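213 is the number that my numbering gives to position 153 of the sequence shown; each next residue is one higher, with no gaps.
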Amino acid sequence: MLEDSQMKQNMLHWQTEDMVKKEMDSIRKDLHKLNNNKACVQASENTCKCISEQMNRNIKQVMEQLREAADSHQAQNNETLQQLIQLSRHQASRLAKLELGAGLGQVAVKSFSVYPKEQEASSADGGKLERALMAATADLQRVHAQLALFQRATVNRYLPSGCEMALLFPMRSKHIFAEVTPSMSMSLQTFTLCLWAKVTQALNKTVLFSYGSKINPQELQLLLSGRSLLLKVGGDTGLVEALGVVTDGQWGHFCATWSSKQGLADLWVNGESVARVSGVAEGHELPSDGFILLGQEISRSGIYRDLVSTVVFTGKMTGVNMWDHVLEAERIKEYANQDGSCDSRGNVIGWGISEIVPNGGAQYIN
């Protein structure tokens, strides 16, 4: 067995040597061929080198052309983008000045059409920017429309001067009014009367404030007549009138002052003096046994009898105050401020303090 194993190893050794010899012979033949073809190989290498150099030169040239074209294209794009940016700024400036409502869209479209050449010259990026601007314009139109609706709704619910509640007189009915109980005697020789009112429609005679007795039902009245504001003291003989100072559907701050001495009377609208007359009920004193109504006047038959609907106030009223003296002009202007003067209250009638009872369909709202 050992001999057989030795023989097998010898045979494998011989076979391996034969294979190595054959491989060496093959390698020698290949090297011989390579030596013979060395010149051909050298020529091929030179040719490839020339071709490579030529390709490199061509590639460099093409890259330079591409770089120049890219720079030119980039410069053109930059110029177009600058034009579009200026256009967008101009558009934003115009949009900021537009009126609310439907006119916004027409002006916005017109402003874009001012630059047709720039729009035609726009690249793909410029087109995207332009479409974005158009979309932004459409969004602004919708926002402005919604804002206009919100503002109109806010105006309808708006209570001026920081007042938290108001009296609503919903219709023209002789039964709709409010009765006021003053905090002190109405036996006055001077007064200041102020209130906020938003009249739905003022007729030839529309009563805001009325104080009267059985002897004189129209002792003191603050009235509207169309677009005019009137003050009566002591009857029809003591009359002060300011023309063209009232607007239906808008809040207004109305004040009247009167002094028995020299009969000096003033009317104020929205903090501005609109009428001054002397000799109005000079030396007169208001009686103490009368009744105060808001939105209606007292008849000679009594407070609740023979009332008429033609003089009834329709709309909203708030901030009703009365003082037993003439306020200074600066204080009247301050109370006419729509940003928080409702906290100031009169000593004769104080809004939110004195008893003011709605009748009929009149009611408090906030």
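Where is the CB? At the ideal position from N, CA and C, for every residue including glycine. None of the values given here were measured: they were computed from a predicted structure.
- Here the C-alpha atom of Q201 lies approximately 40 Å from the C-alpha atom of A422.
- Membership of I236 in any beta strand (DSSP E) is not indicated, and neither H nor E is assigned to it by DSSP.
- Bounds of the beta strand (DSSP E) holding I425 are Q423 to I425.
- Looking at T197, I358 and L189, the one whose alpha-carbon comes closest to that of N138 is L189.
- Contact between the segment 223-239 and the segment 324-336 is absent, with fewer than three C-beta pairs closer than 8 Å.
- Excluding its 5 nearest sequence neighbours in each direction, A198 has no C-beta neighbour in its own chain below 6 Å.
- Apart from the 5 residues on each side of it in sequence, R360 sits with its Cβ closer than 8 Å to the Cβ of K274, P277 and D366 in its chain, given in chain order.
- Here the segment 318-327 lies against the segment 340-353, with 3 or more beta-carbon pairs under 8 Å apart.
- About 18 Å separates the CB atoms of V417 and E224; that is not less than 8 Å, and the two are not in contact.
- When the beta-carbon positions are compared, E345 and S270 stay at least 7 Å from each other.
- Closest option to R336, judged by alpha-carbon separation, among L303, D131 and G309: L303.
- Straight across, the Cα-Cα distance linking G222 with R405 is about 13 Å.
- A check of alpha carbon separations from T241 across H92, I409, N426 and L327 identifies I409 as the nearest.
- In the DSSP secondary-structure assignment, F351 is bridged to G272.
- Partner residues in the beta bridge of T241, as assigned by DSSP, are E415.
- At the C-beta level, M382 and L299 stay beyond 7 Å of one another.
- Of the residues T378, S132, C315 and G420, the one whose Cα lies closest to the Cα of E394 is C315.
- Annotation: E301 is outside any alpha helix (DSSP H); the continuous beta strand (DSSP E) that includes it extends over L299 to A302.
- Counting along the chain, A389 sits inside no beta strand (DSSP E); it lies in the alpha helix (DSSP H) bounded by residues A389 to Y395.
- In its chain, beyond the 5 residues on either side, F229, A257, K258, V259 and T260 have a beta carbon closer than 7 Å to the beta carbon of G375.
- Contact annotation: M246 and S348 have beta-carbon atoms nearer than 7 Å.
- Looking at the DSSP output, D326 sits in a beta bridge with T317 and R336.
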